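**Student:** Take 145 as the starting number for the sequence shown in the numbering used here and just add one per residue. All C-beta atoms in this analysis are idealised placements derived from N, C-alpha and C, irrespective of residue type, glycine included. Every value quoted in this text rests on a predicted model; they were computed, and no experiment measured them. Mind looking over this structure? Questions follow.
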Amino acid sequence: MKIGLIGHGAIAEYVSAQLAARGITPAVFLLRTPRALQGPDADVPQVTAAHLLPDGLDLMVDCAGHSGLSTHGSAILSQGIDLVSVSLGALADRTLQNTLEEAARRGGARLHLASGAIGALDCLAAARVGGLDEVTYVGRKPPAGWQGSPAEEVLDLDRLVTVSEHFAGNAREAAVQYPKNANVAAAVALAGAGFEATRVRLVADPGLTENIHEIHAAGAFGRFSFRIEGRTLPDNPRSSALAAMSVIAAIERQREVITI
Numbered sequence: 145m146k147i148g149l150i151g152h153g154a155i156a157e158y159v160s161a162q163l164a165a166r167g168i169t170p171a172v173f174l175l176r177t178p179r180a181l182q183g184p185d186a187d188v189p190q191v192t193a194a195h196l197l198p199d200g201l202d203l204m205v206d207c208a209g210h211s212g213l214s215t216h217g218s219a220i221l222s223q224g225i226d227l228v229s230v231s232l233g234a235l236a237d238r239t240l241q242n243t244l245e246e247a248a249r250r251g252g253a254r255l256h257l258a259s260g261a262i263g264a265l266d267c268l269a270a271a272r273v274g275g276l277d278e279v280t281y282v283g284r285k286p287p288a289g290w291q292g293s294p295a296e297e298v299l300d301l302d303r304l305v306t307v308s309e310h311f312a313g314n315a316r317e318a319a320v321q322y323p324k325n326a327n328v329a330a331a332v333a334l335a336g337a338g339f340e341a342t343r344v345r346l347v348a349d350p351g352l353t354e355n356i357h358e359i360h361a362a363g364a365f366g367r368f369s370f371r372i373e374g375r376t377l378p379d380n381p382r383s384s385a386l387a388a389m390s391v392i393a394a395i396e397r398q399r400e401v402i403t404i
C-alpha cells in the first residue's frame, strides 16, 4: 500500500516505525510547516496541503489530532483517498461530521475511525442492533493527565489528595469541552448510543499511575462492563500507546482479505 501520514508527533513516529517493520515506508507527510525529520523519515517528501499529495495514494492516516482531521479530512476524502483517524472527538462537531460524510460520498472514499485507547467497541456496536438502554463512559486519570484541560478550573490538580470528579454530562459536551482528552468518550458514543445518549464522567485520581477507561452498557442483549488500564507512549505521556497501536491495526485491516 502507498500510505501517507498527517502530522509527525509521537503517534505518527510510532506508526511510521511500525510500518517500517512491515516493509512500508510512508509515501508522504502532510505537515503544517515543513521541517527536518530524522532517521528513516528524513527522505520522505513533505507537503502542506491535501491538493499537493502525490498521485496513487491508497490511504492517508491522521495522526495530528482534531485540527488535522478538520483541516485536511474533507479535501483528502473528496480526492477519493481513504482516511484513517483516531480523532473521533472531532466528530462531536455536527457540521464537521456532515462535511466529512459529504466529501467521502463525493470522492467515493471512506473514513475509518480507529478504536483509539478503548476496546469493546465491537461488542457495543453489536448491542446497538438490539437496542441500548444506557451507556456510560468513565475516564479516570492521574491529576497530571488532566493538566491543560477544563479540570484545572474545577480542581487544584497540583494539590489533589482525594478522588474527584470534575465533569459529568453527555459525550458531545465532553468531546467539545475536553478536545484533547475525550476521543474515548466520542468512540463510545459513535459505536453505541450516540453523543447525546452516552453519559460521561471524568475523574482525577491521585492514586493512579495509568489512565483507566470504563464502559458500562445495558440493553436488550443484557449488560456488560469493560475496563482497561492504558499506558502512554514513552516519548509522550499525553498519547495513548493503544491509540497508536489501533492505527496500525486499522491499516492492517485494509490490507487483509480476512478481517475481524
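Check residue 325 in the structure and name its three-state DSSP category.
**Tutor:** Note: residue 325 maps to coil in three-state DSSP.
**Student:** Would you please state the rounded distance, in angstroms, between the beta carbons of residue 348 and residue 261? I believe it to be under 8 Å.
**Tutor:** About 17 Å; that fails the 8 Å criterion.
**Student:** What separation, rounded to the nearest whole angstrom, lies between the Cα atoms of residue 394 and residue 200?
**Tutor:** Roughly 20 Å between the two C-alpha positions.
**Student:** Going by DSSP, what residues sit across from residue 173 in a beta bridge?
**Tutor:** Per DSSP, 149, 190.
**Student:** Does any CB atom of chain D fall closer than 8 Å to the CB of residue 251?
**Tutor:** Considering every chain present, this structure includes no chain D. It has just one protein chain.
**Student:** My assumption, with CB atoms under 8 Å, is that residue 247 sits in contact with residue 225. Please give the rounded CB distance.
**Tutor:** With a Cβ gap of about 10 Å, residue 247 and residue 225 do not count as contacting.
**Student:** Does residue 396 pass the burial test, meaning 16 or more other C-beta atoms within 10 Å, or should it be called exposed?
**Tutor:** By the neighbour-count rule (16 or more Cβ atoms within 10 Å), residue 396 is not buried but exposed.
**Student:** Does the contact criterion of 3 or more C-beta pairs under 8 Å hold for the stretch 231 to 243 versus the stretch 321 to 341?
**Tutor:** Yes, since at least three Cβ pairs between the stretch 231 to 243 and the stretch 321 to 341 fall closer than 8 Å, the two stretches touch.
**Student:** What first and last residue would you give for the alpha helix (DSSP H) that runs through residue 256?
**Tutor:** Unbroken run through residue 256 is the beta strand (DSSP E), 255 to 257; no alpha helix (DSSP H).
**Student:** Using a 10 Å radius around the Cβ and a threshold of 16 neighbouring Cβ atoms, would you call residue 285 buried or exposed?
**Tutor:** So residue 285 counts as buried.
**Student:** Taking just the CA atoms, how far does residue 150 sit from residue 207?
**Tutor:** Going by the C-alpha atoms only, they are around 5 Å apart.
**Student:** Thinking residue 346 and residue 373 are a contact (beta carbons under 8 Å), I'd like their distance in whole angstroms, please.
**Tutor:** Actually they do not touch by this definition, with Cβ atoms about 16 Å apart.
**Student:** Determine, using beta carbons only, whether residue 359 and residue 268 come nearer to each other than 8 Å.
**Tutor:** Closer than 8 Å, so yes.
**Student:** Please determine if the stretch 181 to 189 and the stretch 203 to 220 are in contact, where contact requires at least 3 C-beta pairs separated by less than 8 Å.
**Tutor:** Touching, no.
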